[in-house]
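Numbering (our numbering), first residue to last: 2 to 575.
Working notes for the structure below.
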Ligand code: ARG
């Protein structure tokens, strides 16, 4: 358990002993450090509840506190300020230095499926998919750290018009292929296409279909046939999905994203008939399609019905999400399902979630939650595009960062090693920038700023760690402890680190990583200030030197573990 939580439990005990029945006491970092490191403001709520004077309440509380706290004082109308005794700090951190899990608190375990990534087969990954991957992966790791059981699913966009497009194009290339022969009963051959080929075929087909209505009709028809289970079409499309998945996986690997389930929209097909059965009483026909009303009386924004079956009898995106939900509930029985997509899909998810509860597809105690995120914008404030106005794909984004990152690497690092460091640093830079703003906030893509060695950036964090690692290595020992707290800069870092338990909890509650990144920056800034003001290795006083090294190791452990939550890799030099 974290020191903060343990102390809060103790304080609650003290307050209850005084006869006040309240739920919790919070220990918060003090706004005015001259009065103490922490502050307790509980006297005000007690005073209100029990019609007493807050200062008098504070005095009673203070009179009961034991020696774990020092410098206890009451300010203003009843703010209690205090600090932890040196012994408490030393004991706690000397254990935590090798046990990161002593620094934070586990939460009630829930089983949560996280739906993130969402790349589309046979289309390139764009910046939205990267955000979903970065945020989803980090949230997944955070939840696991906090004790949840989490299943991550990529929910591949493996079905849609692109399927029909690609098959129609394949038919142009190989008109006599057995995939299109409905009387063929044998095994299908392996197709000889690369992901690059698919990348050329898709736009070509798309262009042709947009110009020629009969081609578009063919595309629609093929797409429908795949859904209906046409053997040859399904086999051909599955092979294309397989080819595309392989290269998508490589990109996710680069981003350090690893999914427990590699399932897609097509995996929902088998659940759709049952979804329709369950939803039947709520579906009605509208312009030939089947829809479900999801409006509520107190809605203050337009809430159109959710379309469930198209005029031609085929499923759409939403139908496949509903099928996926049914499958997930039946197979995994989760407490919650969390979705991470662009904020622009939030209305859609609201419709899907409402329809799920309303029709009884999902029971009220399973929580479906959509977490939207903001867009990455260009310097014009509009969604970041390539020069010719296309959506920026992920590969181009990475290379824009890499061009800048090169400047941060020392000249003497050469060849393969340099290349590897540049890759790791580029991804770290991109990810750090991507997780730095509150999840819903849009941000401007600025490779120069993201790559700077100063400020809230990947290079600043990784460089700080490189320095600490080198210091620890040079010290030639591995048995440090915090003995001497006379150096104010040391305690400042330690007190900051105590905040980690609350930071992680807040990140979980808001499903956002910016608090963690701000915290990493704050800890490292305080530590770097200490590092610049003190010559650790030349310190003559052994107790001080030992303390400084222990502090360095602790800081390293803390940041290392947090970077692991963010799925950011370190470098050994740069
Ligand atoms: N493939 C979708 C897209 O590119 C994202 C999938 C999000 N997840 C979901 N269950 N709908 O927009």
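Where is the CB? At the ideal position from N, CA and C, for every residue including glycine.
* Which residues in the same chain have their Cβ closer than 8 Å to the Cβ of residue 6, if we skip the five residues on either side of it in sequence? -> So the list reads 106 and 502, once near-sequence residues are dropped.
* To do: Just the C-alpha distance for residue 316 and residue 233, rounded to the nearest angstrom, thanks.
  => Cα to Cα, the separation comes out at about 20 Å.
* Touching or not, the region 158 to 176 and the region 350 to 370, by the rule of three or more beta carbon pairs under 8 Å? -> The region 158 to 176 vs the region 350 to 370: no contact.
* Would DSSP call residue 3 helix, strand or coil? -> DSSP places residue 3 in coil when its eight states are reduced to three.
* To do: Closer than 6 Å is what we want: which residues have a beta carbon that near any heavy atom of ligand 1? List them in chain order.
  => Listed by chain position, these are 116, 119, 121, 156, 158, 322, 340 and 342.
* For the region 104 to 170, which segments carrying the alpha helix (DSSP H) assignment without a break, of at least 4 residues, lie completely within its bounds, in sequence order? -> Counting whole runs of 4 or more residues, the region 104 to 170 contains the alpha helix (DSSP H) stretches 128 to 146.
* Buried versus exposed call for residue 460 [16 or more other C-beta atoms within 10 Å across all chains shown] -> So residue 460 counts as buried.
* **residue 538, buried or exposed, once every other Cβ within 10 Å from all chains shown has been counted against 16** => Around the beta-carbon of residue 538, fewer than 16 other beta-carbon atoms lie within 10 Å, marking it exposed.
* For residue 76, write down the residues that DSSP places opposite it in a beta bridge. => According to DSSP, which records beta bridges pairwise, residue 76 is partnered with 80.
* Are at least three pairs of beta-carbons, each pair with one atom in the region 220 to 233 and one in the region 174 to 190, less than 8 Å apart? -> Verdict: yes, contact present.
* Where residue 80 and residue 37 are concerned, what is the direct C-alpha to C-alpha distance, given to the nearest angstrom? -> Answer to the nearest angstrom: the Cα atoms are 11 Å apart.
* To do: Return the CA-CA distance between residue 429 and residue 561, expressed in angstroms with no decimal places.
  => Near 13 Å, if we compare the C-alpha coordinates of residue 561 and residue 429.
* Asked: Between residue 266 and residue 216, is the Cβ-Cβ spacing less than 8 Å?
  -> No, the pair does not count as a contact, with Cβ atoms beyond the cut-off.
* Who are the Cβ neighbours of residue 393 in its own chain at under 7 Å, not counting the five residues just before and after it? -> Annotation for residue 393: 127, 128, 385, 386 and 387 place their beta carbon closer than 7 Å to its own, counting only its chain and skipping 5 residues before and after.
* Curious, which full-length alpha helix (DSSP H) runs of at least 4 residues does the region 171 to 234 contain? -> With a minimum length of 4 residues, the unbroken runs of alpha helix (DSSP H) contained wholly in the region 171 to 234 fall at 196 to 212 and 214 to 229.
* Report the partner residues of residue 44 according to the DSSP bridge assignment. => DSSP output for residue 44 lists no bridge partner at all.
* Asked: What is the residue span of the beta strand (DSSP E) that residue 310 lies within?
  -> Boundaries of the beta strand (DSSP E) around residue 310: 307 to 310.
* **Residue from 573, 552 and 167 with nearest C-alpha to residue 204** => In terms of Cα proximity to residue 204, the closest of 573, 552 and 167 is 167.
* Spatially closest choice to residue 30 from 504, 422, 219 and 569, by CA coordinates -> Measuring from the Cα of residue 30, the nearest candidate turns out to be 504.
* Stretch pair the region 193 to 211 + the region 237 to 250: three plus CB contacts closer than 8 Å -> Touching, yes.
* Asked: Where does the unbroken beta strand (DSSP E) through residue 368 begin, and where does it stop?
  -> Counting along the chain, the beta strand (DSSP E) containing residue 368 begins and ends at 368 to 374.
* CA-CA distance, residue 491 and residue 88? -> About 15 Å.
* Could you name each continuous alpha helix (DSSP H) segment of 4 residues or more that falls completely within the region 448 to 514, going from the start of the chain to the end? => As far as the region 448 to 514 is concerned, its whole alpha helix (DSSP H) runs of at least 4 residues are 448 to 451, 459 to 475, 489 to 498 and 501 to 511.
* Report yes or no: do the region 532 to 552 and the region 507 to 521 share at least 3 C-beta pairs separated by less than 8 Å? => Contact between the region 532 to 552 and the region 507 to 521 is absent, because fewer than three Cβ pairs lie under 8 Å.
* Under a three-way DSSP split, which group does residue 568 fall into? -> In this structure, residue 568 counts as coil in the three-state DSSP scheme.
* Tell me, to the nearest whole angstrom, how far the beta carbon of residue 323 is from that of residue 353; I am working on the premise that it is less than 8 Å. => Correct: roughly 7 Å between the Cβ atoms.
* To do: Taking only the alpha-carbon atoms, compute the straight-line gap between residue 146 and residue 140 and give it to the nearest angstrom.
  => The straight-line gap separating the alpha-carbon atoms of residue 146 and residue 140 is approximately 10 Å.
* Of the listed residues 40, 440, 56 and 62, nearest to residue 14 (C-alpha basis) -> Ranked by Cα distance from residue 14, the first of 40, 440, 56 and 62 is 62.
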